[in-house]
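**Q** Take this structure, written in structure tokens, and hold onto it; I'll ask about it next.
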Amino acid sequence: MPPPDERSEKQAAAQQAVDILHEISTILNCHLDRRTLSICISMIENGVNPEALATVVKELRKEGQELEAGSSAAAARRR
Amino acid sequence: MSNDRGPRIASAIHSLIDHLVPGDLQDEKDAAEERHEACFQLVRSVFERPGSPAISSDVNHASDLIKRKLIQSNPSQALRFSNLYTRLLSLPVLNQKWAILYLLYQLSDSPDPNEPLPLSPLRQPVQRAPPRLAEKSSRASSSKASTSAPIPEDEEAFNDAFAPAGLKKLPPEKSKRGPDEEPQAGPAEDASPKKSARDVSLKSTLLADNSVEFEPSEITLLRDLPFALQGLSSTTLPFSKETSLKLPPTLSSPIISLLHTLAEPSLLYRGLGTFVKSPAKGLLGQSLRAAINNELRSYLTLVATLEGQIRRALSELDETAPRGGIGKAGVTLKRCVVWTREATMGLRLMSLIAEESNSKQGGQLITLIHGFSTSHGDPVVGAFAERLLADVTRPFYDILRRWIYDGELSDPHLEFFVREQSPNNEDRKESKAKGQASVWNSKYEVVDAMVPSIITADFAQKVFLIGKSLNFIRHSCGDSQWVEAYSKTSSKELKYGDTATLETWIDEAYKTTMQRLMQLMSTRFHLFDHLQALKNYILLGQGDFIALLMESLAANLDRPAGAQYRHTLTAQLEHAIRGSNAQYDSDEVLRRLDARMLQLSHGDIGWDCFTLEYKIDAPVDVVVTEWGNRQYLKVFNFLWRIKRVEFALASTWRKCMTGARGVLQTSEEAVLQTWKGTRGVLAEMIHFVGQLQYYILFEVIESSWTELQKNIHKEDCTLDDLITAHTRYLTSITHKGLLGARRRQHHDALKEAAAGLGPGGAAPTPAADTEDRNSYMVQLSELLRTMLAYRDSVDGLYSWSVSDFTRRQEVDAVGLTRANNNAHAAAGRNGKTKAPTAEDDPDEAGGLGGRTGPVKSEFPALQERLRQLGSSFRTRLQILLGDLAYQPDVDMRFLGVSMNFNDVYQPVRRKTAKGGVMASAGGGSASKV
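Sequence lines, in order, name chains R and P. Numbering follows the working numbering, with no gaps: position 40 of the first sequence is 40. With positions in the second sequence counted from 1, the corresponding number in the working numbering is that position plus 79.
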């Protein structure tokens, strides 16, 4: 366990990294929010293949959109 | 490590799923669970699949990818990115910076997840990719005109470039893969299709994002496009008129503009189709249509290929994809535009040519296309026109070959630049009137406008000459065997392209033909002999012959023209030939010589009408044309008149000289004085005639003859050169021989004058301007007339003198008889004889007195007339000398000098003396009448 000050320093650095990366992602039109981004970062830091992760993100997004569309359609029907 | 990481990843996945796929509030919990589970499984399976080998774990590589992308899309952001990137690098926390960047790169430009309308492009591409690739390669090889779509190729190149063996690396550790991982095909095999498929899908998604659905859909349009490109109406794209294509009104403007572009080849094709079917005006028009038809066929091949592509693409489409999945099919309207672009250029050029060709024909058509191939800046257009030209010129070269090897003009549609002259051509009529028309230069002509630009003007002239010569040899010289043999041996296939060879062939043909023609002219048709004969007989070169002819004819010709008979003339001619050196000339020449009378007019005597003629027949008459003949005749008449005057003067002089010793002896001072003056004037006249004759024969004719000889015996003399040389020869003779017109345009008037010269010296003087123009001619004939009149007067004086002499003799005799009578009377004293004598005496005396009166009064009249004629001769001569002195021609000036070598005459400038001249001329003619 690192000492607390070192830890907070590291957190700040991580925060900074996330900031930078978020900015890059905005430039690139990635449509990633900070939370998704940090999850992704942590996954990649844990050795997940970035390409696979990209696929996953897209898949999941699609899943989510479909679900949303479905539910909104359902809602519309119900109404 | 994997133990440590596994759960962490799992929990991360869970939170990711939770975050991205929000649970539906209305859904039951189970369903949400289930879905969550499904997602989780999906994610895991994705992770456990073997990763792409194409990724290298180099930070720079990922950032390079991003940078490149940004520079392409928006450069300003690229700068910002590189700032961020350096800051990121300086951070110590992250180990896998490249991976994160790569992730972002992969996710870049992904659709916004919050978009309400979800699109699902990601499901199909994996299965679709392989056929897509196959299709791509097949397209690249099949369609010739298609510039194969750049996007996929770039991608491929991209993948190739960034997946070299050295960089290939599998970032994730083996341990990361789950135990249930199934062995799959080698990573290299399926990875790249997958990746490119993803790219395509990304792009198509983008396209889908930006596109709006329209009606009729792109698929329908694509389906109908091949028909439209072939110029056929279809449901969506009907041809409303011959030249317009009706576009569906419901489309958005970008699509409309695409369709506009595609409509161009369709309409052009349609137009060209009708042009090809339209009847051609000539052979070249036909060949142009054939050539265009060929091009259209290759265009149709392109359309067929395109149709095949469209069909295949459409059959593989699935209707569920956005815009009918057209984006991934590889065939879109845009691509069709690209593929048909080059063909459109060709069609455009052809329709331009087709349109222009309506107003042009033959050589102009070739010139038109040749203009495109040589002077158009676009090499594509140039090459295209060149290709077209090879086909189009074929009939032209056929005609050319027939022309230069057979001498036949097989040009039914008047397309060649050589053409038969039409008989009612204005120019031709004129030249015919001038007598310059002949088979040689009036049968064919070069039409300058029709000379195609593929051959130069020089060259065209040569070609023209070759064909003309061959034609001439065949038809006028009757040597068709040679022409046939020649065309058999040397005929060659001519075609467009090899100009240098063509030129050498034509040069060769030119040389051969010209040589043959000249040889024929000199050996078979004795052209040079004829020219020599013309000079000898018509231009009075053969002195002994002319002298003999004149002597023998003189008595005959003094009689009126009506009393001249052809047979006597020909008999005298025969006599002159037999009696002179002319008898040694060849028969060929002599049988052409003929004497005849010109048109008679009232009051002419034989001298005025007689003419010698040299008959020229068929092939030679191209050199000695009708016009030439007329010139010869003119010169002959002129010379003949001079000769006659000389002859007359000489005979009178002789009479005077002999008379001087006998009958002319008188003691009367006035008569002696008159005779002296008369002899002086006669000597002047003889001098004048001698000088004139010398000048014309030696200075003019001989020198021109030498010139002609030099010209026609040149090595490479052609018939044309010959004709020109001969024409120049004649012109210089007529001009220098004081016969020429000063101004050409009044040729007709001059002709009149020339014709007037024939019927007699007493020709009515033409209008004043004619006289002015033709002054030498008129002046000389006036001079000659004066001399003849003078000579008549001298003859009158002579007879007066003789009669005077006789009278004196008689007076003497009477005196003598009287004396005798007286003596007799004195001696015989015979009264008987005296009475009749006395009776006779007054008779005789009266008779003598009656005769003496007129004789006495006749002498002053004669004296006066002689004086008048002498002075008029002098005045005229001075005017002539004045004119000669200001001649630009040296020879003519020299004539003046030699006539007036001792300055006995004072040359008068015509301008100042004009009025006087007119008056004296009038006086002269008046006095003559």
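Each residue gets a CB set at the ideal place from its N, CA and C atoms; glycine is no exception.
Taking leucine 467 of chain P as the reference, give the member of P:Thr446, P:Asp485, P:Ile478 with the closest Cα.
**A** The residue you call residue 467 of chain P lines up with position 388 of the second sequence. Minimum Cα distance to leucine 467 of chain P is reached at P:Thr446.
**Q** For the beta strand (DSSP E) containing methionine 43 of chain R, name the first residue and the last one.
**A** Within the first sequence, numbered from 1, the residue matching residue 43 of chain R stands at position 43. Counting along the chain, methionine 43 of chain R falls outside any beta strand (DSSP E), though it belongs to the alpha helix (DSSP H) covering 34-45.
**Q** Measuring only the C-alpha atoms, how far is glycine 456 of chain P from cysteine 415 of chain P?
**A** As a first step, residue 456 of chain P is located in the second sequence; it is residue number 377 there, counting from the start. As a first step, residue 415 of chain P is located in the second sequence; it is residue number 336 there, counting from the start. So the two alpha carbons sit approximately 26 angstroms from each other.
**Q** Please go through the same chain and pick out, in chain order, the residues whose beta-carbon is closer than 8 angstroms to the beta-carbon of leucine 71 of chain P, but skip the five residues on each side of it.
**A** The question about residue 71 of chain P has no answer here: the residues shown for chain P are numbered 80 through 1008.
**Q** What residues from chain R crowd round arginine 166 of chain P, counting only those whose CB sits closer than 7 angstroms?
**A** Residue numbering aside, residue 166 of chain P sits at position 87 when the second sequence is read from its first letter. Chain R residues near arginine 166 of chain P: Ile20.
**Q** Nearest chain R C-beta to histidine 98 of chain P closer than 8 angstroms, yes or no?
**A** Within the second sequence, the letter at position 19 stands for residue 98 of chain P. Yes, histidine 98 of chain P lies at the interface with chain R (some Cβ there is under 8 angstroms from its Cβ).
**Q** Under a three-way DSSP split, which group does isoleucine 684 of chain P fall into?
**A** Residue mapping note: residue 684 of chain P aligns to position 605 of the second sequence, counting from 1. Isoleucine 684 of chain P falls in the strand class under three-state DSSP.
**Q** Look up arginine 498 of chain P in the DSSP assignment and give the residues it is bridged to.
**A** Your numbering for residue 498 of chain P matches position 419 in the second sequence. For arginine 498 of chain P, which the question treats as bridged, DSSP gives the partners P:Glu524.
**Q** How many whole angstroms separate the CB atoms of serine 37 of chain R and valine 18 of chain R, which I take to be in contact at a CB cut-off of 8 angstroms?
**A** For this step, residue 37 of chain R is matched to residue 37 along the first sequence. For this step, residue 18 of chain R is matched to residue 18 along the first sequence. For the sequence presented, residue 37 of chain R should be read as leucine rather than serine. Indeed, because the Cβ distance is near 6 angstroms, the residues count as touching under 8 angstroms.
**Q** Can you find a C-beta in chain R that's less than 8 angstroms from the C-beta of aspartate 188 of chain P?
**A** As a first step, residue 188 of chain P is located in the second sequence; it is residue number 109 there, counting from the start. Yes - at least one Cβ of chain R is within 8 angstroms of the one on aspartate 188 of chain P.
**Q** Can you confirm whether serine 8 of chain R, when its beta carbon is compared against all beta carbons of chain P, has any partner nearer than 8 angstroms?
**A** Working through the first sequence from its first residue, we reach residue 8 of chain R at position 8. No, no contact with chain P.
**Q** For arginine 61 of chain R and chain P, any beta-carbon pair shorter than 8 angstroms?
**A** For this step, residue 61 of chain R is matched to residue 61 along the first sequence. Answer yes: the Cβ-Cβ gap between arginine 61 of chain R and chain P drops below 8 angstroms somewhere.
**Q** In three-state DSSP terms, what is alanine 264 of chain P?
**A** Translated into the one-based positions of the second sequence, residue 264 of chain P becomes position 185. Unreliable placement is indicated for alanine 264 of chain P, whose pLDDT of 36 sits below 50; the coordinate value is still reported in the next sentence. Here alanine 264 of chain P sits in coil by DSSP.
**Q** Using the three-state DSSP reduction, which class does proline 197 of chain P fall into: helix, strand or coil?
**A** As a first step, residue 197 of chain P is located in the second sequence; it is residue number 118 there, counting from the start. Here proline 197 of chain P scores only 39 on pLDDT, less than 50, and its place in the model should not be relied on; the value that follows carries that caveat. Coil.
**Q** Please list the terminal residues of the continuous alpha helix (DSSP H) segment that includes serine 715 of chain P.
**A** The residue given as residue 715 of chain P occupies position 636 in the second sequence. Checking the sequence, you will find phenylalanine at residue 715 of chain P rather than serine. Looking at the DSSP string, the run of the alpha helix (DSSP H) that includes phenylalanine 715 of chain P is 705-740.
**Q** Taking the Cβ atom as the reference point for each residue, do glycine 310 of chain P and glycine 352 of chain P lie within a distance shorter than 8 angstroms?
**A** Reading the second sequence from its first residue, position 231 is the one you call residue 310 of chain P. Reading the second sequence from its first residue, position 273 is the one you call residue 352 of chain P. Yes, the Cβ-Cβ distance between glycine 310 of chain P and glycine 352 of chain P is below 8 angstroms.
**Q** Check the DSSP bridge columns for arginine 675 of chain P and list the partner residues they point to.
**A** As a working note, residue 675 of chain P is residue 596 in the second sequence. P:Thr690, per the DSSP bridge assignment.
**Q** In chain order, what residues of the same chain have a beta carbon less than 6 angstroms from the beta carbon of asparagine 372 of chain P, not counting five sequence neighbours either side?
**A** The count along the second sequence starts at 1 and reaches residue 372 of chain P at position 293. Val355.
**Q** Taking serine 357 of chain P as the reference, which of P:Leu375, P:Pro474, P:Pro458, P:Ala433 has the closest Cα?
**A** On the second sequence, residue 357 of chain P is found 278 positions in, with the first residue counted as 1. The candidate whose alpha carbon is nearest that of serine 357 of chain P is P:Ala433.
**Q** Hey, does arginine 34 of chain R have any beta-carbon neighbour from chain B nearer than 8 angstroms?
**A** Going by chain labels, chain B is absent from the structure shown, which instead holds the protein chains R and P.
**Q** Starting from lysine 320 of chain P, trace the beta strand (DSSP E) in both directions and tell me its first and last residue.
**A** Along the second sequence, one-based indexing puts residue 320 of chain P at 241. Lysine 320 of chain P -> beta strand (DSSP E) spans 318-320.
**Q** Between which two residues does the alpha helix (DSSP H) harbouring valine 460 of chain P extend?
**A** As a first step, residue 460 of chain P is located in the second sequence; it is residue number 381 there, counting from the start. Note, valine 460 of chain P: alpha helix (DSSP H), 458-471.
**Q** Which residues, in chain order, does the segment 304-333 of chain P contribute to contact with chain R at a C-beta distance below 7 angstroms?
**A** none
**Q** Reducing DSSP to helix, strand and coil, say where leucine 324 of chain P ends up.
**A** Here residue 324 of chain P refers to the residue found at position 245 of the second sequence. Note: leucine 324 of chain P maps to strand in three-state DSSP.
**Q** Rounded to a whole number of angstroms, what is the C-alpha to C-alpha distance between proline 458 of chain P and aspartate 577 of chain P?
**A** For the purposes of this step, residue 458 of chain P is taken as residue 379 along the second sequence, with counting starting at 1. For the purposes of this step, residue 577 of chain P is taken as residue 498 along the second sequence, with counting starting at 1. Taking the straight line joining both Cα atoms gives about 20 angstroms.
**Q** Here's the rule I'm using: 16 or more other beta-carbon atoms within 10 Å means buried, otherwise exposed. How should tyrosine 773 of chain P be labelled?
**A** By one-based count along the second sequence, residue 773 of chain P stands at place 694. The residue is exposed, with fewer than 16 neighbouring Cβ atoms inside 10 Å.
**Q** Tell me the residue span of the alpha helix (DSSP H) that contains serine 977 of chain P.
**A** Here residue 977 of chain P refers to the residue found at position 898 when the second sequence is read from its first residue. Bounds of the alpha helix (DSSP H) holding serine 977 of chain P are 969-978.
**Q** Should proline 305 of chain P be labelled buried (16 or more other beta-carbon atoms within 10 Å of its own) or exposed?
**A** Here residue 305 of chain P corresponds to residue number 226 of the second sequence, with the count starting at 1. With 16 or more Cβ atoms within 10 Å of its Cβ, proline 305 of chain P is classed as buried.
**Q** So, for isoleucine 775 of chain P: in the same chain, excluding its five sequence neighbours on each side, which residues have a beta-carbon less than 6 angstroms away from its beta-carbon?
**A** As a working note, residue 775 of chain P is residue 696 in the second sequence. Leaving aside the five residues that flank isoleucine 775 of chain P on each side, the residues in its chain whose CB is nearer than 6 angstroms to its CB run, in chain order, Gly816.
**Q** Would you give the residue range spanned by the alpha helix (DSSP H) that cysteine 415 of chain P belongs to?
**A** Translated into the one-based positions of the second sequence, residue 415 of chain P becomes position 336. For cysteine 415 of chain P, the enclosing alpha helix (DSSP H) starts and ends at 412-418.
**Q** Between the segment 137-160 of chain P and chain R, which residues of the former have a C-beta closer than 8 angstroms to a C-beta of the latter?
**A** Ile145, Lys148, Leu149, Gln156, Arg159, Phe160
**Q** Leaving out the 5 sequence neighbours to the left and right, which residues in its chain are closer than 7 angstroms to isoleucine 812 of chain P when beta-carbon positions are compared?
**A** Taking the first residue of the second sequence as 1, we reach residue 812 of chain P at position 733. Counting only Cβ-Cβ distances below 7 angstroms, and skipping sequence neighbours, we find Val714, Val779, Ile780, Ser783.
**Q** Would you be able to state if there are at least three C-beta pairs under 8 angstroms between the segment 609-625 of chain P and the segment 714-728 of chain P?
**A** yes
**Q** Taking DSSP's pairing of strands, which residues face proline 639 of chain P in a bridge?
**A** As a working mapping, residue 639 of chain P is identified with position 560 in the second sequence. DSSP output for proline 639 of chain P lists P:Ile684 as bridge partner(s).
**Q** Strictly below 7 angstroms CB to CB, what residues from chain R border glutamine 175 of chain P?
**A** Along the second sequence, one-based indexing puts residue 175 of chain P at 96. Correct list: Ile44, Glu45.
**Q** Where does the unbroken alpha helix (DSSP H) through phenylalanine 551 of chain P begin, and where does it stop?
**A** Translated into positions along the second sequence, residue 551 of chain P becomes position 472. Under the DSSP assignment, phenylalanine 551 of chain P falls in the alpha helix (DSSP H) whose first and last residues are 536-554.
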